[in-house]
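Trainee: Okay, handing you the structure first.
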Amino acid sequence: ALRRQICSILMTSLRTNAEVEGEAGEPSFRRLVLRSVAHIIRLYSSSLITECEVFLSMLLKATFLDLPLWHRILVLEILRGFCVEARTLRILFQHFDILHVE
């Protein structure tokens, strides 16, 4: 259920463009979506590798998009949080950066 429903909803909600309108553009909604994504990456990155890779890619892209300043700051705070949490940083490194030599 987590993979099929929740991750799917969060990915759809995380997709942004410069003209976010309605409820999806509300700061409280965006903050909730971003925090939910951060928690999924922290807690389930070992079992939801593909989904977490997509989430990380979307977070990184959000730093370059023409989004409200508060949104970009929140994304940067989340990314910074990953960098200071040794466990999360190690898991992300193992899944996405380490060179697998055979």
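Per UniProt numbering: the sequence shown = residues 1 to 102.
Each residue gets a CB set at the ideal place from its N, CA and C atoms; glycine is no exception.
Being a predicted model, the structure only gives us computed values, none of them experimental.
Let me check understanding here. Comparing Cα to Cα, which of Gln-94, Leu-79, Pro-27 and Ala-86 lies closest to Val-37?
Mentor: Leu-79
Trainee: Per DSSP, what kind of secondary structure is Glu-63 in: helix, strand or coil?
Mentor: Before going further, note that residue 63 is Thr rather than Glu in the sequence given. Looking at Thr-63 - three-state DSSP - the assignment turns out to be coil, as it is neither helix nor strand.
Trainee: For the UniProt domain "Mon2/Sec7/BIG1-like HUS" (2-97), which segments carrying the alpha helix (DSSP H) assignment without a break, of at least 4 residues, lie completely within its bounds, in sequence order?
Mentor: 7-14, 27-44, 49-62, 69-84 and 86-96
Trainee: Who are the Cβ neighbours of Ala-62 in its own chain at under 6 Å, not counting the five residues just before and after it?
Mentor: Val-75
Trainee: Measure the beta-carbon distance from Ile-41 to Cys-7 and round it to whole angstroms, keeping in mind my assumption that it falls under 8 Å.
Mentor: So it is not a contact: roughly 11 Å between Cβ atoms.
Trainee: How long is the line joining the alpha carbons of Ser-13 and Val-33, rounded to whole angstroms?
Mentor: 7 Å
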